[in-house]
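The next block holds one structure in the form of structure tokens; read it before the comments.
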Amino acid sequence: MFHKINLLNFDRLKMKEFFRSIGEKSFCADQVMIWIYHYFCDDFNKMTNIKITLREKLKNISIIKTPKFIKKYYSIDGTVKWIVNINNHIVETVYIPEKSRGTLCISSQVGCVLNCHFCSTGQQKFNRNLLVSEIIGQIWIAHKKINKMKNYPSITNIVMMGMGEPLLNLNNVVTALKIMSDNFGFNISKKKITISTSGIVPALNKLSNIIDIKLAISLHASNDELRNKLMPINKKYNISLLLMTVTQFLKKSKINKKGITIEYIMLHNINDTLLHAQELVKILKNIPSKINLIPWNSFSNSKFLCSKFSQIQKFSNFLINKGFITTVRKSRGQDIHAACGQLTGIISHQIKNSNI
Numbered sequence: 602m603f604h605k606i607n608l609l610n611f612d613r614l615k616m617k618e619f620f621r622s623i624g625e626k627s628f629c630a631d632q633v634m635i636w637i638y639h640y641f642c643d644d645f646n647k648m649t650n651i652k653i654t655l656r657e658k659l660k661n662i663s664i665i666k667t668p669k670f671i672k673k674y675y676s677i678d679g680t681v682k683w684i685v686n687i688n689n690h691i692v693e694t695v696y697i698p699e700k701s702r703g704t705l706c707i708s709s710q711v712g713c714v715l716n717c718h719f720c721s722t723g724q725q726k727f728n729r730n731l732l733v734s735e736i737i738g739q740i741w742i743a744h745k746k747i748n749k750m751k752n753y754p755s756i757t758n759i760v761m762m763g764m765g766e767p768l769l770n771l772n773n774v775v776t777a778l779k780i781m782s783d784n785f786g787f788n789i790s791k792k793k794i795t796i797s798t799s800g801i802v803p804a805l806n807k808l809s810n811i812i813d814i815k816l817a818i819s820l821h822a823s824n825d826e827l828r829n830k831l832m833p834i835n836k837k838y839n840i841s842l843l844l845m846t847v848t849q850f851l852k853k854s855k856i857n858k859k860g861i862t863i864e865y866i867m868l869h870n871i872n873d874t875l876l877h878a879q880e881l882v883k884i885l886k887n888i889p890s891k892i893n894l895i896p897w898n899s900f901s902n903s904k905f906l907c908s909k910f911s912q913i914q915k916f917s918n919f920l921i922n923k924g925f926i927t928t929v930r931k932s933r934g935q936d937i938h939a940a941c942g943q944l945t946g947i948i949s950h951q952i953k954n955s956n957i
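Going by our numbering, the sequence shown opens with residue 602, and the numbers climb by one from there.
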């Protein structure tokens, strides 16, 4: 059976190769990408500056196919979560509006294999990597829907912090990053695209040689013994190896010259004492970074509790007094299970929702 080629899987270089392979000029790739990513057009008939014969050819051999957004949840704080159907698999995409910007948090895998114990996604069974079209399709559809919503800012920032570990889907994620930042793609500055990783060292090394992008490291512990318990991946790539790799990444990066983001979830009586803060200072002293403290967001059947606010403030103040830029992340979308660590890909009927 003949399957049409989904053009959303191609970055500009691959798009040019595709057009040459069908006997067309490579500049046609630029024209089509502008229609797809600047005008959000998925109908070849509407691409009026492309010759009719090429439009007919494209209709016969290719498609522009995005995932399906099947349900939408609104938070009381303005956050929006979409349930996304990808060939009968479910992932989640979250939009966080602020006064001057709109941040879209996108997924890279169906489920997650890493089994970080404090993360709801990590408790889900891993199914598969998302294709390029399924990653950028989340942005494509979300953009169209947000533009129809009154008083919501357009997407200005992308964070790859949704379901899955992006660096375990490296090839597809890198191609998607290229489309996001390409002038003929979504044309989003690389300074406004962040990829978050738990520390897949070989992939991080490869990433540094392929594309320069803002980096966030999910550290969440100040020593190996604790991180081994919270994040099994640490048994393979420990803190020392991870931070050594980050140091090499920073040497090659222009975008991260001011430092990477260190993500640190705050768990009551587990990783939130001043001793842990002291250990954090010690291991990060030579890593240009800003530390983002994340109050833990609850999910069903979890043994954890969020650190008390007073303890988070003590922890934060200690780091600030030691010269570290430190922020406490404001939890968004908790009431619709859209906050950090709460994404499951499971449709809940117990939270306020509306159909798309």
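Where a beta carbon is used, it is the ideal one built from N, C-alpha and C, also for glycine. Note that the structure is predicted; figures quoted are calculated from it, not measured.
Collapsed DSSP secondary structure at residue i in the structure displayed
i    : result
Q710 : strand
P767 : helix
N650 : coil
A817 : strand
S663 : strand
Y753 : coil
G703 : strand
F619 : helix
I937 : helix
K626 : coil
F603 : coil
P668 : coil
N716 : coil
N902 : coil
I884 : helix
L944 : coil
G723 : helix
D612 : coil
Cβ-Cβ separation, residue j to residue i (assumed contact under 8 Å), whole Å
i    : j    : result
M764 : G712 : 7 Å
W897 : F910 : At roughly 12 Å, the Cβ-Cβ gap does not stay under 8 Å, so W897 and F910 are not in contact.
P767 : I796 : 5 Å
I737 : L609 : 6 Å
K617 : I664 : With 8 Å as the limit, K617 and I664 do not qualify as a contact, their Cβ atoms being about 19 Å apart.
G942 : F719 : 6 Å
L827 : P889 : About 24 Å separates the two Cβ atoms, so there is no contact after all.
S721 : R933 : Not quite, the Cβ-Cβ distance comes to about 16 Å (not below 8 Å), so this is no contact.
K666 : N758 : The pair is not a contact, with the Cβ atoms about 25 Å apart (cut-off 8 Å).
I895 : Y865 : 7 Å
CA nearest to the CA of residue i, picked from the options
i    : options                : result
I861 : A822, N829, S899, T798 : T798
S734 : K749, E766, K779       : K779
I623 : L851, E657, T846       : E657
V929 : C717, F919, K749       : F919
H639 : A939, T795, N824, I742 : I742
Y674 : L820, C706, H938       : H938
K746 : K672, A804, N784, I691 : K672
T704 : I794, C717, V685, N650 : I794
L944 : C717, D631, K615       : C717
A822 : N758, S676, I840       : I840
L771 : K807, G942, I913       : K807
F727 : F719, I884, V714, Y838 : V714
Q935 : D678, N661, K891       : D678
V681 : I707, N922, P668, K666 : I707
D612 : L732, K915, D825       : L732
F785 : A878, F603, K931, W636 : W636
L769 : K791, N730, N758       : N730
F603 : C642, I653, N661, I651 : N661
A940 : I651, E693, S908       : E693
I818 : I863, S790, A804       : I863
R978 : V760, H690, Q724, K891 : Residue numbering for the chain in the displayed model covers 602 to 957; residue 978 lies beyond these limits and cannot be assessed.
H869 : N824, S899, K883, C642 : S899
I789 : K836, F670, H744       : H744
I892 : F641, L659, S901, G924 : G924
S917 : Q879, N887, K886, N902 : Q879
Which residues DSSP lists as bridging residue i, in chain order
i    : result
I913 : The partner list for I913 (beta bridge, DSSP) is empty, contrary to what the question assumes.
C907 : L868
W636 : The partner list for W636 (beta bridge, DSSP) is empty, contrary to what the question assumes.
T798 : I818
I759 : L705, I794
T862 : A817, K891
T680 : T680 is not bridged to any residue.
T694 : W683
I926 : K891
Y674 : K682
R729 : V711
P896 : M867
Near the ligand ADP: residue i beta-carbon under 7 Å from a heavy atom
i    : result
S854 : Absence of the ligand ADP from the depicted structure is noted, as is the absence of any ligand whatsoever, leaving it without description.
Do three or more CB pairs link the region 632-651 to the region 806-824 at distances below 8 Å? Proximity of the region 632-651 to the region 806-824 falls short of the contact definition, fewer than three beta-carbon pairs being nearer than 8 Å.
Counting Cβ pairs closer than 8 Å, one from the region 748-761 and one from the region 690-703, do we hit at least three? With the cut-off at 8 Å, the region 748-761 and the region 690-703 touch.
Are the region 768-782 and the region 843-863 touching by the rule of at least three beta carbon pairs closer than 8 Å? Flag = no, the region 768-782 and the region 843-863 do not touch.
Any contact between the region 787-802 and the region 829-838? By contact I mean 3 or more CB pairs, one from each, below 8 Å. Taking 8 Å as the limit for Cβ pairs, the verdict is that the region 829-838 does touch the region 787-802.
Tell me whether the region 743-750 and the region 624-636 touch, counting them as touching only if at least three CB pairs, one residue from each stretch, are closer than 8 Å. By the C-beta criterion, the region 743-750 is judged not to be in contact with the region 624-636, since fewer than 3 inter-stretch pairs fall below 8 Å.
Three or more C-beta pairs closer than 8 Å, one from the region 866-873 and one from the region 839-850: is that the case here? Short answer: they don't touch.
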